[in-house]
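S.K.: Have a look at the structure that comes next, please.
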Ligand code: PEP
Ligand code: MG
C-alpha cells in the first residue's frame, strides 16, 4: 500500500481498478528500435492507420444517421480520410521507421510535425485551418498506436479509476460518469480545465500527484480521495473500509445539504441577497444547474463546442447549442462567454512559445473575424428567444473592448438592415481576468454593461503562476493580497459605475471564500452546479454586517497563508461539518 498526495480538485471518494491513459498531445520521446524490430513497428503503424480510418468511417456514419442525412458527410470527413489514405503519408512514416529506426509513435509525430510546420509557414489562413486537421489526425493515430481510444474506454468492462500524467479538457469532457469512477493525474492545478470539468461531471479527482504513473500498474486497486487530495495505491482492507465509510458520509452530507438548501434563496440572516448562478461547458448541464438551485447560467464556456463537433462550429451550431440551453433554462438568464480558444483549451492553430500570453481568446478572434462574427450572429438570433447576455474573455484594455464592441455594433446594424429580430438591449459585459483590466476597471466600467471576475486567470496573471503547473501550485492563491486588492478595486469601480459585478472563477464556488466575497460586496456569484447548496447554506448562516468586518480584516492581512488560515477559522465557526469534510485524515 502506498499513498501519494496531490491537489484535491473534485470532492468525493472513488475506489476501483486503475486504468492508465497515455497523455494525449504529450511529446513523444525520440526512441529507437533494433533493425529486426522495424517490421513489427510498421505492422503496428498499419494497424493504427486502419483503426483510424475505420473510426472516421464510423464517425461519419453515426453523424449521417443522427443528422438525418441533411449534412454532406463527405464534406466533413473527406479531408481527414483523404490525408490518412494518401500513400505518401504511409510511405514517409514507414520510411522513417525502416531507415532511421524510429518507433512508430515517434515517426508519426515527426512526419505530422513536418506537415504542420510547412502549413504554418505558408501563412495562408485557409492552410492554417488545415493545421487542426493534421493535429487531429496525429492525435488519432497516436491514440490508436498507444492502444487507448475513447471508444476502448467506453467499452471498458467495468468502472475504472483513470490514471494519467495529464489529461486534455477534451479527454476529460468525453468521460462517462458511469465508467469513470475517479481521476488521478500527475500534472495540473486546482483551476486546470481538467479539474473544472471533473467537478462539473461530479467525478472525484486529484491532480498534481507526483510520481503516480511509476507507482501504479494497470488494474491496481486505487482510492482517489478528491476531498483531501490523496491517492492510495493497493490499499489494505482496513484502509479501504475507512475510505468507503468516508465516501458514504460525504455523499450523505451532500445529499442532505442539496435537499435542504437548493431551493432556498441565498440571503444572509440580515437580509442581503446574493444571486447564485452556475458555470456550464455543455447545454445539457442546464438540468443539473436548475436542480441544484441556480437562478441562471453565469458562465457558459462556449469553446467546448469545439469538443462536440468534428469541425469548428459554424453560426448554426452555435445557435442550436444556445437554443438547447434556452429551452432547458425555462426563462432563467444565461451569460454566454465568447470563445476563449487557445492556451490550454483547444489548439489555436498557431505555434505558441508561451500560450497563456499568446494568441488566446479575443486576440485569436481578432485574427479570425468570421469566427467571431458568426458567434455574435448566433447570439443575437438566440437573444430573441431567451434572456441572454454575453461577455468577452481576456479583455486587457479599453482599446480591445472598443474593437470588440465595434464588431457587435456592425453585426447589429446588419440585423437591423435585414429586419431581423434580436434583443436590442442585450447586455454586453467583460471578464476581468487580466491585472491590467482590474487596474483600469474604472475606465472599462464606463463602456461595459457588467463585469464578471475570472479569478482562475486573474490569479495566474497577477502572481505569475501557471494555473496548470503542479510544481508552483503552492504559490497559486486567490486570496493573495495582490489578488484581493485587484478584486476589491474591480468591485468598487463597478459599484461606482452602477454596473453588476459578478465572479465566475473557481474562487466563487469555494466555501472558504464565501464570507469574504459576500463581505466585499458581491451580489452575484457563478460556480460549478454541485457546490451551490453548500454556498447557499453558508450564506444563509451569516450576517452581511459580520461578513464586511471579516472581509476588511482579511484585506488587512499581509500574506496569502494568513488570509487562508483566517478565512478557514471563520468558516469553520459557521459550517464546521463542511470544513471538516475537506480536512486531511489523521
Ligand atoms: C477564469 O479565468 O476565472 C474563468 C472563469 O475562465 P476559464 O477558467 O475558462 O479560463
Ligand atoms: Mg479565464
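In our numbering, the protein residues as written are 5 to 590.
Backbone N, C-alpha and C define an ideal beta-carbon position, used for all residues, glycine too.
Is the segment 104-122 close to the segment 37-46, with three or more CB pairs under 8 angstroms?
M.R.: Segments in contact, yes.
S.K.: Quick check on the DSSP output: the beta strand (DSSP E) that includes residue 454 runs from which residue to which?
M.R.: Counting along the chain, the beta strand (DSSP E) containing residue 454 begins and ends at 454-457.
S.K.: Contact check, residue 479 vs residue 515 under 8 angstroms by CB: the rounded distance?
M.R.: Actually they do not touch by this definition, with Cβ atoms about 22 angstroms apart.
S.K.: For the alpha helix (DSSP H) that contains residue 321, what are its first and last residues?
M.R.: Note, residue 321: alpha helix (DSSP H), 319-333.
S.K.: Confirm the yes/no value for this check: CB of residue 398, any heavy atom of the ligand MG, distance under 8 angstroms.
M.R.: Correct: residue 398 has its Cβ closer than 8 angstroms to the ligand MG.
S.K.: Using a Cβ-Cβ cut-off of 7 angstroms (strictly less than) and excluding sequence neighbours within five positions of residue 547, which residues of its own chain qualify?
M.R.: Cβ neighbours of residue 547 beyond the five flanking positions: 272, 273 and 274.
S.K.: Pull the bridge partners of residue 5 from the DSSP assignment, please.
M.R.: Answer is none; residue 5 lacks a bridge partner.
S.K.: Report the residue ranges of all beta strand (DSSP E) runs contained in full by the segment 189-258; include only those spanning at least 3 residues, in chain order.
M.R.: Fully enclosed beta strand (DSSP E) runs of 3 or longer: 209-211, 225-229 and 234-237.
S.K.: Rounded to whole angstroms, what's the CA-CA distance from residue 317 to residue 343? Just pull it up for me.
M.R.: Cα to Cα, residue 317 sits roughly 11 angstroms from residue 343.
S.K.: Are there 16 or more other CB atoms within 10 angstroms of the CB of residue 130, so buried, or fewer, so exposed?
M.R.: That one is exposed.
S.K.: Any chance the CB of residue 509 is under 8 angstroms from a heavy atom of the ligand PEP?
M.R.: Residue 509: yes, Cβ under 8 angstroms from the ligand PEP.
S.K.: Measuring only from the beta carbon, is residue 460 closer than 8 angstroms to any heavy atom that is part of the ligand MG?
M.R.: Yes, the ligand MG has a heavy atom inside 8 angstroms of this Cβ.
S.K.: Quick one: what's residue 431 bridged to in DSSP?
M.R.: Answer is 393, bridged to residue 431.
S.K.: Would you report the Cα separation of residue 269 and residue 246, rounded to the nearest angstrom?
M.R.: Near 36 angstroms, if we compare the C-alpha coordinates of residue 246 and residue 269.
S.K.: Quick check: what's the CA-CA separation for residue 166 versus residue 184?
M.R.: If you take the alpha carbons of residue 166 and residue 184, they lie about 7 angstroms apart.
S.K.: Would you decide whether residue 364 is buried or exposed? Buried here means 16 or more other CB atoms lie within 10 Å of its CB.
M.R.: Classification for residue 364: buried.
S.K.: Quick check on DSSP: helix, strand or coil for residue 305?
M.R.: Strand.
S.K.: Any chance the segment 552-571 sits against the segment 284-296, with 3 or more Cβ pairs inside 8 angstroms?
M.R.: Cβ pair count under 8 angstroms is below three, so no.
S.K.: Sorry if obvious, but does the Cβ on residue 366 come closer than 8 angstroms to a heavy atom of the ligand MG?
M.R.: For the ligand MG, not one heavy atom lies less than 8 angstroms from the Cβ of residue 366.
S.K.: Tell me the rounded alpha-carbon separation between residue 222 and residue 579.
M.R.: Whole-angstrom Cα-Cα distance: 40 angstroms.
S.K.: Please report the distance separating the alpha-carbon of residue 517 from that of residue 224.
M.R.: When rounded, the distance between both Cα atoms is 37 angstroms.
S.K.: Give me the Cα-Cα distance between residue 251 and residue 18, rounded to the nearest whole angstrom.
M.R.: Distance between the alpha carbons of residue 251 and residue 18: 8 angstroms.
S.K.: Looking at C-alpha atoms only, which residue of 505, 435, 450 and 464 is the closest neighbour of residue 360?
M.R.: Of the listed residues, the one whose Cα sits closest to residue 360 is 464.
S.K.: Considering residue 107, what are the terminal residues of the beta strand (DSSP E) in which it resides?
M.R.: Careful: residue 107 lies outside any beta strand (DSSP E) and carries neither H nor E.
S.K.: Tell me which residue opens and which closes the beta strand (DSSP E) that residue 387 is part of.
M.R.: Here residue 387 belongs to no beta strand (DSSP E); instead the alpha helix (DSSP H) covers 373-387.
S.K.: What residue from 470, 475, 455 and 513 has the CA that sits closest to residue 492's CA?
M.R.: Residue 455 is the option with its Cα nearest to residue 492.
S.K.: Under a three-way DSSP split, which group does residue 144 fall into?
M.R.: Three-state DSSP puts residue 144 in a helix.
S.K.: Among 61, 82, 308 and 376, which residue has its Cα nearest to the Cα of residue 348?
M.R.: Among 61, 82, 308 and 376, the Cα nearest to that of residue 348 is on 308.
S.K.: With hydrogens ignored, establish whether the beta-carbon of residue 305 is closer than 8 angstroms to any heavy atom of the ligand PEP.
M.R.: Because some heavy atom of the ligand PEP lies under 8 angstroms away, the Cβ of residue 305 counts as near it: yes.
S.K.: Anyone know if the C-beta pair for residue 24 and residue 187 falls short of 9 angstroms?
M.R.: Going by C-beta atoms, residue 24 is not nearer than 9 angstroms to residue 187.
S.K.: Just to confirm, are residue 193 and residue 199 a CB contact at a threshold of 9 angstroms?
M.R.: Yes; because the gap between Cβ atoms is below 9 angstroms, this pair is in contact.
S.K.: Which residue or residues does DSSP assign as beta-bridge partners of residue 21?
M.R.: 225.
S.K.: If you count every other CB in all the chains shown that lies within 10 Å of the CB of residue 95, and 16 or more means buried, which is it?
M.R.: So residue 95 ends up on the exposed side.
S.K.: Can you find the residues in the same chain that come closer than 6 angstroms, C-beta to C-beta, to residue 380, ignoring five residues on each side of it along the sequence?
M.R.: These residues qualify, in order along the chain: 412 and 415.
S.K.: Tell me whether residue 176, by its Cβ, gets closer than 8 angstroms to a heavy atom of the ligand PEP.
M.R.: Incorrect: residue 176 has no Cβ contact closer than 8 angstroms to the ligand PEP.
S.K.: Taking 8 angstroms as the cut-off, is the beta-carbon of residue 338 closer than that to any non-hydrogen atom of the ligand MG?
M.R.: Checking the Cβ of residue 338 against the ligand MG gives no.
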